[in-house]
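Student: Please see the structure below; I have some questions.
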Amino acid sequence: MKPSRRNVLRGVIAAAALPGRAAVAAAENATPASAAAFPIDAGRHFKERGLVGTFVLLSVQDDTMLAHNPARADTPYLPCSTYKIPNSLIALETGVVRDENEVLKWDGVERPVAAWNKDHSMRTGIAASAVWFYQEMARRIGEKRMQEWVDRIGYGNRDIGGGIDQFWLTGALRTTAREQVEFVRRLYADELPFSERSRRIVKDILILEKTDLYVLRGKTGLSGRPGIGWFVGWLERGPRAFVFALNVDMKADTDIGVRKEIAVAVLRDLGLLAKG
């Protein structure tokens, strides 16, 4: 006799608390093309903050996907600073920067985020989400090479219209949460057409937190305030990986940290960030 959906989800919750086991599963036959609902109330973390958004989580080894607000998970938005992930890969692969530690001189233009107003390398630039640094890298890459690489990796709608240093910020590029999950999964699984060196460097500069139990990698993005907030990345827990993408309608008075807060809260509810 096949287990009921309810019993399957109960089993997920029980398994989540056990380190080294699959903390995420879905109803029978669920696939990335057919995401299942979360076995916990993922939506409450949006509701408690008065926000609307989506959160998609893929258990890589199980090839199972969970989604809160699945219709929104297929809605395209500007990727904003989450595009710094492919931008970094392309910049390294084309040699417009030698490595993650090459420093570019600040142009002296005062920008609204104090952390941007100084010299940056790729390592410090992605940590501070320094827009000018990545705009300069995009200009060095150039429209022709950028389009070739965006087509090659199949990123979003592949449209880089709107300016070589603006297409991911205010231009024509659009991607969905589900597409972000697939792109990040390919990076984790070494399936993107970049050299091992480029992939290794980008994976390293994406590390946000590293403990004895897990490694959390990711990148946020924001298209103005109010606007769309993103947080995409993956959690490695032992031999297992859980890729995620969150986007949310930000409020003008909302702390920008809410993007990561919601994602981390859902991961904790699933037991993936619980202490062993």
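Just so we're on the same page, the working numbering is the position in the sequence shown counted from 1, plus 228. For every residue, glycine included, the Cβ atom is placed at its ideal position computed from N, Cα and C. Computed from a predicted structure; not experimentally measured.
Use the C-beta contact count for D440: other C-beta atoms within 10 angstroms, 16 or more gives buried, fewer gives exposed.
Tutor: Within the sequence shown, residue 440 is the residue found at index 212, counting from 1. It counts as exposed.
Student: Using the Cα positions of S349 and E364, report the straight-line distance between them to the nearest angstrom.
Tutor: As a working mapping, residue 349 is identified with position 121 in the sequence shown. As a working mapping, residue 364 is identified with position 136 in the sequence shown. Approximately 12 Å, taken between the alpha carbons.
Student: Determine the contact status of V494 and V280, defining contact as a CB-CB distance below 8 Å.
Tutor: Indexing the sequence shown from 1 puts residue 494 at position 266. Indexing the sequence shown from 1 puts residue 280 at position 52. No; because the gap between Cβ atoms is not below 8 Å, this pair is not in contact.
Student: Would you tell me roughly how many angstroms separate the C-alpha atoms of T398 and L306, rounded to the nearest one?
Tutor: Here residue 398 corresponds to residue number 170 of the sequence shown, with the count starting at 1. Here residue 306 corresponds to residue number 78 of the sequence shown, with the count starting at 1. In this structure, the straight-line span from the alpha carbon of T398 to that of L306 is close to 7 Å.
Student: Any idea what DSSP makes of E328, helix, strand or coil?
Tutor: Position 100 of the sequence shown, counted from the first residue, corresponds to residue 328. Here E328 sits in coil by DSSP.
Student: Compute the Euclidean distance between the alpha carbons of E371 and I392, then round it to the nearest angstrom.
Tutor: Residue 371 sits at position 143 when you count from the first residue of the sequence shown. Residue 392 sits at position 164 when you count from the first residue of the sequence shown. Their backbone Cα atoms lie some 6 Å apart in a straight line.
Student: Considering only the alpha carbon of each residue, which of L320, L294, I381 and W344 lies closest to A265?
Tutor: For the purposes of this step, residue 265 is identified with residue 37 of the sequence shown, where counting begins at 1. For A265, the closest of L320, L294, I381 and W344 by C-alpha to C-alpha distance is L294.
Student: Excluding sequence positions up to five away, which residues of its chain have a Cβ less than 7 Å from the Cβ of F361?
Tutor: Mapped onto the sequence shown, residue 361 falls at position 133. Once the five neighbours on either side are set aside, the close Cβ partners of F361 are L332, H348 and G353.
Student: Compare the C-alpha of F459 against each of S309, L286 and G278 and name the closest.
Tutor: What you label residue 459 is simply residue 231 of the sequence shown in a count that begins at 1. Closest option to F459, Cα to Cα, is S309.
Student: Run the CB neighbour count on K346, radius 10 Å, all protein chains shown included, and call it buried at 16 or more, exposed below.
Tutor: In the sequence shown, counting from the first residue as 1, residue 346 sits at position 118. With fewer than 16 other CB atoms across the displayed protein chains lying within 10 angstroms of its CB, K346 is exposed.
Student: DSSP state of S423, grouped into three classes?
Tutor: Residue 423 sits at position 195 when you count from the first residue of the sequence shown. If DSSP states are grouped into helix, strand and coil, S423 belongs with coil.
Student: Grab me the residues of H273's own chain with a C-beta within less than 7 Å of its C-beta, minus the 5 sequence neighbours each way, in chain order.
Tutor: Stepping through the sequence shown from its first residue, residue 273 is reached at position 45. Within the same chain, H273 has close Cβ partners I490, A493 and V494.
Student: Out of D302, V325 and R277, which has the shortest C-alpha to C-alpha gap to G485?
Tutor: On the sequence shown, residue 485 is found 257 positions in, with the first residue counted as 1. Per the Cα distances, R277.
Student: DSSP state of F266, grouped into three classes?
Tutor: In the sequence shown, residue 266 corresponds to position 38, counting from 1. In this structure, F266 counts as coil in the three-state DSSP scheme.
Student: Can you give, in chain order, each stretch of the beta strand (DSSP E) that sits fully within the segment 403-456 and has at least 3 residues?
Tutor: 435-438 and 443-450
Student: For R406 and N329, I'd like the C-alpha separation in whole angstroms.
Tutor: As a first step, residue 406 must be located in the sequence shown, where it is residue number 178. As a first step, residue 329 must be located in the sequence shown, where it is residue number 101. Between R406 and N329, the C-alpha separation is close to 32 Å.
Student: Would the segment 427-436 count as touching the segment 373-393 if we require 3 or more Cβ pairs under 8 Å?
Tutor: no
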